[in-house]
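Asks: For the protein sequence lines, the chains are A and B, in the order given.
With the first letter of the first sequence counted as 1, position 24 gets the number 42 in my numbering; the numbers rise by one all the way through.
With the first letter of the second sequence counted as 1, position 88 gets the number 106 in my numbering; the numbers rise by one all the way through.
Number of protein chains: 2
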Amino acid sequence: MHSEMDDIDRKICGLLQANARASSAELAETVGLSVSSANERVRRLVSQGVVVGWQARLDPDVVGAGLCALVFIDMDYEGEPEACAALVARPEVMELHHVSGAHSYLMKIRVRDSRALQAFLQEVLKPLPAVRRTETLLSLEALKETTAMPIAGLDSGGDDA
Amino acid sequence: MHSEMDDIDRKICGLLQANARASSAELAETVGLSVSSANERVRRLVSQGVVVGWQARLDPDVVGAGLCALVFIDMDYEGEPEACAALVARPEVMELHHVSGAHSYLMKIRVRDSRALQAFLQEVLKPLPAVRRTETLLSLEALKETTAMPIAGLDSGGDDA
DNA sequence: ATTGAAAGAACCCCGAC
DNA sequence: GTCGGGGTTCTTTCAAT
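#1: Who are the Cβ neighbours of A/Leu208 in its own chain at under 6 Å, not counting the five residues just before and after it?
#2: CA-CA distance, A/Ala56 and A/Ala148?
#3: Put A/Glu163 into one of helix, strand or coil per three-state DSSP.
#4: Roughly how far, in whole angstroms, is the beta-carbon of B/Pro13 from the beta-carbon of A/Ala103, given that I think they are within contact range, below 8 Å?
#5: Can you tell me whether DSSP reads A/Asp77 as helix, strand or coil?
#6: Residues of chain B with CB closer than 9 Å to the CB of A/Asp94, please, in chain order.
#7: Give me the Cα-Cα distance between A/Gln35 and A/Ala166, rounded to the nearest whole angstrom.
#8: Scan the region 48–78 of chain B for residues whose Cβ lies nearer than 7 Å to a Cβ of chain A and list them as they occur along the chain.
#9: Go through its chain and collect everything with a Cβ distance to B/Arg59's Cβ below 7 Å, but skip five positions before and after it.
#10: Per DSSP, what kind of secondary structure is A/Gly32 in: helix, strand or coil?
#11: Output needed for A/Ser157: all residues of its chain with C-beta closer than 6 Å, excluding positions within five of it in sequence on either side, in chain order.
#12: Spatial neighbours of A/Ser52 within its chain, please: CB distance less than 7 Å, with the 5 preceding and 5 following residues excluded, ordered by chain position.
#13: In chain B, which residues lie with their C-beta within 7 Å of the C-beta of A/Gly119?
#14: Note down, in chain order, every chain B residue with its Cβ under 8 Å from the Cβ of A/Thr152.
#15: Run through the region 95–176 of chain B for me and flag every whole alpha helix (DSSP H) of 4 or more residues, listed as ranges in chain order.
#16: CB A/Glu96 to CB B/Lys162, shorter than 7 Å?
#17: Among the residues of its own chain, which have a CB less than 6 Å from the CB of B/His115, if the five just before and after it don't count?
#18: Is it buried or exposed for B/Val70, if we count other Cβ within 10 angstroms and need 16 for buried?
#19: Could you check where the alpha helix (DSSP H) with B/Ala43 kicks off and where it finishes?
#20: Can you give the Cα-Cα distance for B/Ala179 and A/Asp173, rounded to whole angstroms?
#21: Whose CA, out of A/Thr48, A/Ser41 and A/Arg62, lies closest to the CA of B/Trp72?
#22: Among the candidates A/Met23, A/Arg128, A/Glu141 and A/Arg151, whose CA atom is the shortest distance from the CA of A/Glu110?
#23: For B/Thr152, collect the residues of the same chain with a Cβ closer than 8 Å to its Cβ; drop the 5 residues on either side in sequence, then sort them by chain order.
#24: Near A/Ala160, which residues of its chain fall below 7 Å by C-beta distance, leaving aside the five closest residues on each side in sequence?
#25: At the 7 Å Cβ level, is A/Ala148 part of the contact set with chain B, yes or no?
#26: Assign B/Ala179 to one of three DSSP states: helix, strand, or coil.
#27: Using a 10 Å radius around the Cβ and a threshold of 16 neighbouring Cβ atoms, would you call B/Arg75 buried or exposed?
#28: If we ignore side chains and look at the alpha-carbon of each, how far apart do A/Arg133 and A/Arg108 end up?
#29: Indicate the three-state DSSP secondary structure (helix, strand or coil) for A/Ala87 in the structure shown.
#30: Could you tell me whether the Cβ of A/Arg39 comes closer than 7 Å to any Cβ of chain B?
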């Protein structure tokens, strides 16, 4: 791609992770630039693919997604890509990781309640041909759940080289 | 607390999960309301706590958080709240779930590389008095990773760009 | 890259239905 | 709750440094 990120870029990223609706004026004030420059920085970060999207975060209970479950999935090699594609397409599936260790995949899903969980496992997951075995853990409480990345070289965000 | 969400609220939530920077004009167009009404809906959803935040999503690799790991943690009852608080405060910790099953907690962290992972486990996680045992899985590939909730009563529940 | 200023777009308060 | 209008704030563009 191109040029490296500097400290100002990192600060802006950190601010936008905490508040995606921060105005250019706010950003400019915090990082010590003019409004135009701050705006230009954001535009660059988006066009360079550093910022890949903007999400509103919702209260899970209010929208009927209060139950969170972690599901280990063992898959056969045959039909694995199709099964993954089918799962990724489902709105209940919030994460799908190909993991090292005893199981093939770890999936995080959110549904309304245990009935909906049961329905998902029986009607969506198990019918997939590649799915051999599953093991479900309930998230009894999500103490933290964010997509905000630690930003290398930012004090409030992670470690340095 | 108060009134229930209607279909329009759900649609707006879905749209804002996919694009938190959608203008009131866009929202109004999609749900079939005036700009004023759409704006008022968003204001209400925020003040009622349905929308709890706005996040920019960043490319993990670009910001130096390319390595994702899932860590099972067994904890003693003594000192458990302090350990959880310490972990939640760390920017590398993206999720911390109290889970059912053989282990106490499942934590998702993001760091730069395996060296940083090793450092985190040795210098942050293990020194916590309550932490008895840990088991780390590497996410070899995150096929999906979102905070967009499925919205009950909305057909195209939220997946993002 | 950064800046100030001007043009354009968006948001927000308000009174009416 | 919804709507349109008018004032205000924000974003975007532009010429210049």
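Glycine is no exception: its CB is placed at the ideal position from the N, C-alpha and C atoms.
From a predicted model like this one, the values you see are computed outputs, not experimental measurements.
Replies: With the given structure in hand:
#1: For chain A, the structure presents residues 19 to 179; residue 208 of chain A sits outside this window and is missing.
#2: 49 Å
#3: strand
#4: Residue 13 of chain B lies beyond the range of chain B shown here (19 to 179); nothing can be said about it.
#5: coil
#6: Here the premise fails: no neighbours, minimum Cβ distance about 17 Å.
#7: 6 Å
#8: Gly67, Val68, Val69, Val70, Gly71, Trp72, Gln73, Ala74, Arg75, Leu76, Asp77 and Pro78
#9: Contacts found: Ile26, Asp27 and Ile30.
#10: helix
#11: Cys86
#12: By the criterion of a C-beta distance shorter than 7 Å, A/Ser52 is surrounded in its chain by Ala46, once the five residues flanking it on both sides are discounted.
#13: Leu155
#14: Going along chain B, no residue has its Cβ under 8 Å from A/Thr152, so there is no contact; the nearest lies around 13 Å.
#15: 98–107 and 132–138
#16: For the 7 Å CB-CB criterion, A/Glu96 and B/Lys162 do not form a contact.
#17: Leu124
#18: exposed
#19: Ser42 to Val49
#20: At B/Ala179 the pLDDT is 35, less than 50, meaning the model places this residue with poor confidence; the figure from the coordinates comes in the next sentence. Straight-line Cα distance between these residues: approximately 29 Å.
#21: A/Ser41
#22: A/Arg128
#23: Val89, Phe90, Ile91, Asp92, Leu139, Leu143 and Lys144
#24: Cys86
#25: No, no contact with chain B.
#26: Interpretation of B/Ala179 is limited by its pLDDT of 35, a score under 50 that renders its predicted location unreliable; the figure taken from the coordinates is listed afterwards. Note: B/Ala179 maps to coil in three-state DSSP.
#27: buried
#28: 17 Å
#29: strand
#30: yes
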